[in-house]
Amino acid sequence: MVSTDSTGTPDPNAGHGSVYDGLLGDDDSHWAFGTSFEDPLAGVDTRVPDDLDAAELAGFCLALGDDALVLSHRLAQWCSNAPDLEDDIALANISLDLLGQARLLLSRAAAADPSLVPALPDGSPVPAEDALAYFREAAEFRSARIVELENGDFAQTIARLLLFAIVRLAAFERLASHADPVLAAIAAKGVNELAYHRDYAARWFVTLAQGTEESRRRLVAGLAQVWPYLSEFQGAYAVGSEAEEVLDQVLAAAALDRPAVGPLTGTGHTEALSRMLAEMQVVARAHPMGQW
Amino acid sequence: MNGTVVSTAYAVAASVTDPEMSMLTLEDLGVLREVQQDGEQVTVTITPTYSGCPAMATMRDDLVRRLTEAGFAAEVKVCLTPAWSSDWITDRGRQALREAGLSPPGPAPQRDGPVTLSLAPTRREIACPRCHSTSVELTSEFGATACKALYRCATCLEPFEHVKEI
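Chains A and B are the protein sequences, given in the same order. The opening position of the first sequence corresponds to residue 1169 in our numbering, with each subsequent residue numbered one higher. The opening position of the second sequence corresponds to residue 699 in our numbering, with each subsequent residue numbered one higher.
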């Protein structure tokens, strides 16, 4: 049986062992959660340059990281549900790239301003990136509402991914020369990945728009669902006309006009984010001292 | 600096293989950047391939384990810049990929301005690693790992993986 500590929580490190010991050996890298071994910024100089405001930089990295984390989770929800195996794998790959970006950015935010990281019980093995991902309330997230929305159907998922990838790629091309060398490096690497994501979404967008009557109907409806959230997202990333030009290029190839719906006003988060986080965070929160 | 220590440690680190593509050493993959001696320990610097590649943690773990077995106290550091490029895969690595039935990457895209949108499927001058036919078709830009696309040979009809240009 699995060893437990005094509270009944399974203790994988108990000296008298469990049936799983033979599978795991003494290799710490088997623990995905609650170890610092995988720090994505291990050995990277994370000192904030003198001419930058550390809290401002951290907040910005957190917002960029939260957008990637939340959309990564949404795309992962397609796993085993996509229209065909190739797209199942494609969406999972894009999700994984975004999760990697999120880990780097959340780690960067935590290193620049440790006060952002939620306090956990003394001795908790949870690293800062996981504390930020799993132990913040929805209101503390800095994500834009466009990434929070439910997936909808495949067409709506593609429409959202296209808008996301266009804006984020444009933003990362600018951020690659940011005064913070860590953020600049994360962005430069992200550009190469986002180029693949944007091409994938744009090709499917045109395919659905120019496919059957039904695929076009669904794409138009999906685009109308996500369109009102675009301007908030563009504002958060401060991108210029380059994103608009790419968007127009795709819309022209799809023979579609911009949807006749205005931008959503207000701020804050969607109810969908709360439900998503409830599912994503529940196990980690139940075991703040846990290793997984 | 003891040159012998560094070169011995480098030889150990260079022989560690990619956990997914075991025909490639970390040196041939271009992930291994540097080995330095810091006092009593050696520090190995690696550059991650893709931001989310789950093999990175295993590579770091394998490096520490192999160096420890060889008698070194080892630490692994990450270097994020310049970003890894498939151009860093060595000729020996490309040959190893071919021999294992994988298609090696072509030249990585060179950009001197904004990334251009590509609405048509990516065209690559590649050959089937089994029958060497150049009549191949792209199945998907995304494969079983972050670094590979899926292809099918139109001549021998076998599917194969292509390591993507990045």
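Note that beta-carbon positions come from the ideal geometry of N, C-alpha and C, so glycine has one too. If you're wondering where the values come from, they're calculated on a predicted model, not measured in any experiment.
Contact check, residue i vs residue j, beta carbons under 8 angstroms
{"i": "V834 (chain B)", "j": "C826 (chain B)", "result": "yes"}
{"i": "A771 (chain B)", "j": "E738 (chain B)", "result": "yes"}
{"i": "V1216 (chain A)", "j": "L1225 (chain A)", "result": "yes"}
{"i": "A753 (chain B)", "j": "E718 (chain B)", "result": "yes"}
{"i": "I744 (chain B)", "j": "L765 (chain B)", "result": "no"}
{"i": "E1297 (chain A)", "j": "L1274 (chain A)", "result": "yes"}
{"i": "F1332 (chain A)", "j": "A1250 (chain A)", "result": "no"}
{"i": "L1220 (chain A)", "j": "A844 (chain B)", "result": "no"}
{"i": "L1243 (chain A)", "j": "A1270 (chain A)", "result": "no"}
{"i": "L1445 (chain A)", "j": "A1306 (chain A)", "result": "yes"}
{"i": "L817 (chain B)", "j": "V1374 (chain A)", "result": "yes"}
{"i": "A1377 (chain A)", "j": "L1424 (chain A)", "result": "yes"}
{"i": "L1272 (chain A)", "j": "S1240 (chain A)", "result": "no"}
{"i": "W782 (chain B)", "j": "T747 (chain B)", "result": "yes"}
Host alpha helix (DSSP H) of residue i (start-end)
{"i": "I1354 (chain A)", "result": "P1349 to A1377"}
{"i": "D1219 (chain A)", "result": "First-last for D1219 (chain A): undefined, no H or E at that position."}
{"i": "E1341 (chain A)", "result": "F1322 to L1343"}
{"i": "F1303 (chain A)", "result": "Neither: F1303 (chain A) is in no alpha helix (DSSP H) and is coded neither H nor E."}
{"i": "A798 (chain B)", "result": "That residue, A798 (chain B), is in no alpha helix (DSSP H); it is neither H nor E in DSSP."}
{"i": "F858 (chain B)", "result": "Element bounds for F858 (chain B): not the alpha helix (DSSP H) but the beta strand (DSSP E), P857 to V861."}
{"i": "L1253 (chain A)", "result": "L1253 to A1280"}
{"i": "Y1405 (chain A)", "result": "L1398 to Y1405"}
{"i": "L1387 (chain A)", "result": "E1381 to V1394"}
{"i": "I1314 (chain A)", "result": "R1313 to E1316"}
{"i": "E1447 (chain A)", "result": "E1439 to A1454"}
{"i": "V1418 (chain A)", "result": "S1409 to A1421"}
{"i": "A753 (chain B)", "result": "A753 to E767"}
Nearest to residue i (by Cα), restricted to the options the options
{"i": "A1369 (chain A)", "options": "A:T1380, A:L1329 and A:V1388", "result": "A:L1329"}
{"i": "E1361 (chain A)", "options": "A:E1439, A:A1258, A:D1252 and A:S1442", "result": "A:A1258"}
{"i": "S1399 (chain A)", "options": "A:G1430, A:A1392 and A:E1413", "result": "A:G1430"}
{"i": "G799 (chain B)", "options": "B:A781, B:I824 and B:G811", "result": "B:I824"}
{"i": "G1408 (chain A)", "options": "A:G1233, A:L1337, A:E1439 and A:L1376", "result": "A:L1337"}
{"i": "G1390 (chain A)", "options": "A:L1445, A:A1363 and A:R1426", "result": "A:R1426"}
{"i": "I1334 (chain A)", "options": "A:A1363, A:C1247, A:D1207 and A:A1355", "result": "A:A1363"}
{"i": "Y1302 (chain A)", "options": "A:M1457, A:Q1459 and A:M1448", "result": "A:M1448"}
{"i": "P1282 (chain A)", "options": "A:H1241, A:L1232 and A:T1214", "result": "A:T1214"}
{"i": "D1218 (chain A)", "options": "A:L1209, A:D1207, A:L1272 and A:D1348", "result": "A:D1348"}
{"i": "E1206 (chain A)", "options": "B:V740, B:G750, B:T741 and B:W782", "result": "B:G750"}
{"i": "R758 (chain B)", "options": "A:A1223, A:P1208 and A:L1232", "result": "A:P1208"}
{"i": "R1386 (chain A)", "options": "A:L1272, A:G1320 and A:L1232", "result": "A:G1320"}
{"i": "P780 (chain B)", "options": "B:V742, B:M721, B:G728 and B:G811", "result": "B:G728"}
{"i": "D760 (chain B)", "options": "B:T853, B:C851 and B:V710", "result": "B:V710"}
Proximal residues to residue i (C-beta, below 6 angstroms), its chain only, five neighbours per side dropped
{"i": "R1371 (chain A)", "result": "none"}
{"i": "S705 (chain B)", "result": "none"}
{"i": "Y708 (chain B)", "result": "V733"}
{"i": "A1452 (chain A)", "result": "Y1302"}
Range of the contiguous beta strand (DSSP E) that encloses residue i
{"i": "Q734 (chain B)", "result": "L730 to D736"}
{"i": "T706 (chain B)", "result": "Unbroken run through T706 (chain B) is the alpha helix (DSSP H), G701 to A712; no beta strand (DSSP E)."}
{"i": "S720 (chain B)", "result": "S720 (chain B) -> no beta strand (DSSP E), and no H or E assigned at all."}
{"i": "S838 (chain B)", "result": "V834 to S838"}
{"i": "Q739 (chain B)", "result": "Q739 to I744"}
{"i": "A847 (chain B)", "result": "K846 to C851"}
{"i": "A1428 (chain A)", "result": "No beta strand (DSSP E) holds A1428 (chain A); DSSP gives it neither H nor E."}
Neighbourhood of residue i by C-beta distance below 8 angstroms, restricted to the same chain and skipping five residues each side
{"i": "L1284 (chain A)", "result": "A1226, G1227, L1230, A1277, A1278 and L1300"}
{"i": "D726 (chain B)", "result": "I787, T788, R790, G791 and A794"}
{"i": "R796 (chain B)", "result": "P802 and P827"}
{"i": "F1340 (chain A)", "result": "A1355, A1356, G1358, V1359 and L1362"}
Cutoff 7 angstroms; reference residue i; Cβ partners in own chain excluding five residues on either side
{"i": "T1212 (chain A)", "result": "In the sequence as presented, Thr is not what sits at residue 1212 (chain A); that position holds Val. Closer than 7 angstroms at Cβ, skipping near neighbours: V1350."}
{"i": "T723 (chain B)", "result": "A712, S713, V714 and T715"}
{"i": "D785 (chain B)", "result": "P805 and A806"}
{"i": "A1352 (chain A)", "result": "L1343, A1344, S1345 and H1346"}
{"i": "L848 (chain B)", "result": "T837, S838, G841, P857 and E859"}
{"i": "V1394 (chain A)", "result": "I1314, L1317, Q1324, A1327, R1328 and L1331"}
{"i": "L1415 (chain A)", "result": "I1334"}
{"i": "E863 (chain B)", "result": "S784, P803, G804, P805, A806 and P807"}
Point to revise | Stretch pair the region 1287-1296 of chain A + the region 759-778 of chain B: three plus CB contacts closer than 8 angstroms | key: Taking 8 angstroms as the limit for Cβ pairs, the verdict is that the region 759-778 of chain B does not touch the region 1287-1296 of chain A.
Point to revise | At least three beta-carbon pairs within less than 8 angstroms, the region 1437-1444 of chain A to the region 1312-1327 of chain A | key: Note that the region 1437-1444 of chain A touches the region 1312-1327 of chain A; at least 3 beta-carbon pairs, one per stretch, sit closer than 8 angstroms.
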